[in-house]
Structures are given as structure tokens and as C-alpha cells.
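Under full-length UniProt numbering, read the sequence shown as residues 1 to 138, first letter to last.
Below: the structure, in C-alpha cells.
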Amino acid sequence: MRGGRKNLKRPVEEEFLTLQKGQSIMQVLDLRGNFVVVDDSGREEATESGRKVGCVVTQVLYYDQVRVLQKSPEWPEIFKYTAVESSKQDNTQSRNSQMDENEDSSDDDGLPPLEANTNRLNPFQQESETESDSDTDP
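This is the structure in C-alpha cells:
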């Protein structure tokens with residue numbers, strides 16, 4: 001091969017996210033009632049430049065930490081009625097509604113019956129002795 005390859009792309013001056021030693025990117029699962037502490041110091045710059053990441057998560061608060069902060073004056077007013085309390089109420093309401101639905105539900109909902117899932121093995125079912133005796137007796 002003579003002369004080398006000519007299909008090199010020219011470098012483009014763009015800013016990229018780089019991780020320093022000891023840093024990592026973690027995926028945070030967002031559940032109702034969880035709180036995180038974010039650093040939004042670069043939010044304006046990020047929106048002006050068109051970047052999608054505007055804040056950096058600095059700490060995920062655990063349930064005990066949230067409870068302590070709720071009792072302290074540092075807890076923001078906007079979070080006084082928290083998602084933690086609302087999730088408890090939602091759970092009790094959903095239980096009540098499920099109980100009501102079970103009482104009101106009937107076998108004929110106007111929907112066709114569900115087909116059996118053929119991708120799963122059926123659990124082993126033993127036949128009772130009375131059924132086997134009735135099958136063998138003419």
C-alpha cells in the first residue's frame with residue numbers, strides 16, 4: 001500500500017463530556033417519591049448552546065434523609081406536600097378501588113376471553129383421586 005489512506009475526516013471543534021478518574025455515569029431509576037439534589041449552575045449555558053443535559057445529579061436522597069429534611073426548615077415550600085405522602089395515599093386508594101372492582105366485576109365484561117400463553121410452561125397439576133375414580137368407573 002502506497003501513500004496511506006486519504007479518507008480521514010477533519011476534526012471538528014465540539015465540546016464533549018469527559019469523565020475524570022473516579023467519576024462514572026450512573027443510570028438513576030426515577031420512582032415516584034424519590035428526590036435528588038442537582039447542581040444547576042450550568043443550566044443557562046446548556047440551554048443557550050443547545051445541549052440536552054442542563055443539570056448534574058450530585059446526590060440521591062434516601063427515604064431517611066428525606067424524612068429528616070422534611071422536618072428541618074431547609075426543606076423547600078414547594079415540596080411540603082411530597083410525593084412520598086401522595087404515593088401512600090395513592091396506594092390506599094388503589095387498594096380500595098381494586099376491592100371495589102373485584103366486588104363489581106363480573107365474568108362477562110363484554111371482552112373476548114384471553115388466550116392461553118403458550119410461551120410459558122404450565123405448573124404441574126395433580127389430579128385429585130375423586131376425579132380419577134370417576135373417570136375409570138363407567
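Here a beta-carbon is modelled for each residue, glycine too, at the ideal position from N, C-alpha and C.
Bear in mind that the values here come from a model prediction, so they are computed numbers and not experimental data.
Residue i: first and last residue of the uninterrupted beta strand (DSSP E) it sits in
i          : result
residue 58 : 56 to 61
residue 35 : 35 to 39
The alpha helix (DSSP H) enclosing residue i, as first and last residue numbers
i          : result
residue 47 : 43 to 49
Per-residue DSSP class, three states only, for residue i
i           : result
residue 64  : helix
residue 140 : Past the edges of the chain, shown from 1 to 138, lies residue 140, and the structure says nothing about it.
residue 118 : coil
residue 111 : coil
Sequence-distant residues of its chain with Cβ nearer than 8 Å to residue i (five each side left out)
i          : result
residue 22 : With a pLDDT of 49 at residue 22, under the threshold of 50, the predicted position of this residue should be treated as unreliable, though the coordinate-derived value follows. Nothing meets the Cβ criterion.
residue 47 : 54
residue 61 : 34, 35, 36, 37, 69
Proximal residues to residue i (C-beta, below 6 Å), its chain only, five neighbours per side dropped
i          : result
residue 59 : 37
residue 69 : 75
residue 40 : 55
Contact set for residue i: own chain, Cβ-Cβ below 7 Å, skip 5 residues either direction
i           : result
residue 120 : none
Integer-rounded CB distance, given that residue j should sit under 8 Å from residue i
i          : j          : result
residue 35 : residue 57 : Going by Cβ atoms, the distance from residue 35 to residue 57 rounds to 11 Å, so no, they are not a contact pair.
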